[in-house]
Amino acid sequence: MARLRRFSSYRRTQRPYTRVSKFREKSYIRMTPNTRIIRFDMGNLQKTFPCQVKLAVKTELNIRDNAIESARTVSNRVLESTLGTTGFNMKVRAYPHHVLRENPIASGAGADRFSTGMKKSFGKPIGQACLLKKGQVLFQVGVDEKNIPLAKTAMRKAATKLPCTCSIEIVK
């Protein structure tokens, strides 16, 4: 069964070594996988709301795109179920540029015949992640002043889906 690799090996934030060449065959990363974040702007995009509720990360880390997508769907569901699609404006403020790689190592009987070991061990792209700095805003929700508690609830539920501790800020 295919599973996601544990993210503890990718959590450290370092500058990725990608070597992009003008010739595709000589680039180390030849293609980037599709991002799993479906929508970056939700709700009423025309109206400007007086209050902003922001979810910021407290530590510097990488966050995989499917974790951001699950946090987005949870918070969007909370907001849409009570306010509808016109009562809020939500933005995802980070984009997963960082390409995650894995060197596939074969195991089992006869694996030594077709496994290359650590030769050509750069790895193939398996996913994407966001490099986030301490205090960087990940989600931003615009609501009216009476709906601030609901937006805080949505951001708190989104924070449970993320692999870090987050802070919720209210800007009026």
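In case it helps, the working numbering puts the sequence shown at residues 789 to 960.
Virtual Cβ for every residue (Gly too), placed ideally from N, Cα, C.
{"Asked": "Compare the C-alpha of CYS918 against each of ASN891, ARG824, VAL841 and name the closest.", "Found": "ARG824"}
{"Asked": "At 4 residues or longer, what runs of the alpha helix (DSSP H) sit wholly inside the segment 854–928?", "Found": "899–902"}
{"Asked": "Output the distance between the C-alpha atoms of LEU843 and CYS954, rounded to the nearest integer angstrom.", "Found": "6 angstroms"}
{"Asked": "Leaving out five residues on either side along the sequence, give the residues of the same chain with a beta carbon under 7 angstroms from the beta carbon of ASP829.", "Found": "LYS879"}
{"Asked": "Inspect the CB distances between the segment 870–890 and the segment 926–935 and report whether three or more fall short of 8 angstroms.", "Found": "yes"}
{"Asked": "Please go through the same chain and pick out, in chain order, the residues whose beta-carbon is closer than 8 angstroms to the beta-carbon of HIS886, but skip the five residues on each side of it.", "Found": "PRO804, ASN850, GLN916, ALA917, CYS918, LEU919"}
{"Asked": "List the residues that DSSP assigns as beta-bridge partners of GLU957.", "Found": "LYS842"}
{"Asked": "Just mark MET789 as buried or exposed, buried being the case when its beta carbon has 16 or more other beta carbons within 10 Å.", "Found": "Because MET789 carries a pLDDT of 46, less than 50, the predicted location of this residue cannot be relied on, and the following value inherits that uncertainty. By the 10 Å Cβ count, MET789 comes out exposed."}
{"Asked": "Give me the Cβ distance between TYR798 and ARG807, rounded to the nearest whole Å; I'm assuming they're in contact under 8 angstroms.", "Found": "Going by Cβ atoms, the distance from TYR798 to ARG807 rounds to 19 angstroms, so no, they are not a contact pair."}
{"Asked": "Can you tell me the Cα-Cα spacing of LEU792 and ALA855, whole angstroms?", "Found": "12 angstroms"}
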